[in-house]
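Student:
In full-length UniProt numbering, the protein residues as written are 1 to 153.
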């Protein structure tokens, strides 16, 4: 019958008596811990951390698994639409570079931009020139790339 009775906790002199999970969470940054049902949760791991001993909380934050999980979580965070469009990938940067070089070559040789729309020249660029398919039509060259080349020259 004794095993079904709830026994009181032993009084440990090393435990913080008046510190609850909410107080412990406030001592750290807001994204580190959160409190649910009087339990302290690590927001990165979503596991319960013993809030009665500050050393246990500090050891959890300094553990290798916490650092690894946090770095992985930071890498996969969602971006806003504006930051996603501002990020340029290597192919996008390469395309811009090819288009700007094409514009410089055309202006240096006095070749009109609408000559880029010629069917024979277009097939030549696509088949014989590396990244030749990245060169857009004349209207897009004028609208998007001409100003950058003009500023440099």
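For every residue, glycine included, the Cβ atom is placed at its ideal position computed from N, Cα and C.
Just so it is clear, the structure is predicted and the values come from calculations on it, not from any experiment.
Does the distance from the CB of residue 179 to the CB of residue 149 come in under 8 Å?
Tutor: Residue numbering for the chain in the displayed model covers 1 to 153; residue 179 lies beyond these limits and cannot be assessed.
Student: Would you mind sorting residue 135 into buried or exposed? The rule is 16 or more other CB atoms within 10 Å of its CB.
Tutor: Under this definition residue 135 is a buried residue.
Student: Would you mind sorting residue 119 into buried or exposed? The rule is 16 or more other CB atoms within 10 Å of its CB.
Tutor: Residue 119 should be labelled exposed.
Student: Could you check which residue in 106, 131, 151 and 47 has the C-alpha nearest to that of residue 95?
Tutor: Checking every option, the nearest Cα to that of residue 95 belongs to 131.
Student: I'd like to check one pair, residue 39 with residue 48: are the Cβ atoms closer than 8 Å?
Tutor: yes
Student: Check the C-beta distance from residue 44 over to residue 69 and give it rounded, since I have them as a contact under 8 Å.
Tutor: 5 Å
Student: State buried or exposed for residue 18, treating a residue as buried only when at least 16 other CB atoms are found within 10 Å of its CB.
Tutor: exposed
Student: Rounded to the nearest angstrom, how far is the Cβ of residue 121 from that of residue 138, given a contact under 8 Å?
Tutor: Contact doesn't hold; Cβ gap of about 11 Å is too wide.
Student: Could you tell me how far apart the beta carbons of residue 145 and residue 99 are, in whole angstroms, since I believe they sit closer than 8 Å?
Tutor: 5 Å between Cβ atoms; contact.
Student: Roughly how many angstroms lie between the CA atoms of residue 55 and residue 24, to the nearest whole one?
Tutor: 12 Å
Student: Can you find the residues in the same chain that come closer than 8 Å, C-beta to C-beta, to residue 141, ignoring five residues on each side of it along the sequence?
Tutor: 99, 102, 103, 113, 116 and 135
Student: Please classify residue 33: is it buried, with 16 or more other beta-carbons within 10 angstroms of its beta-carbon, or exposed?
Tutor: buried
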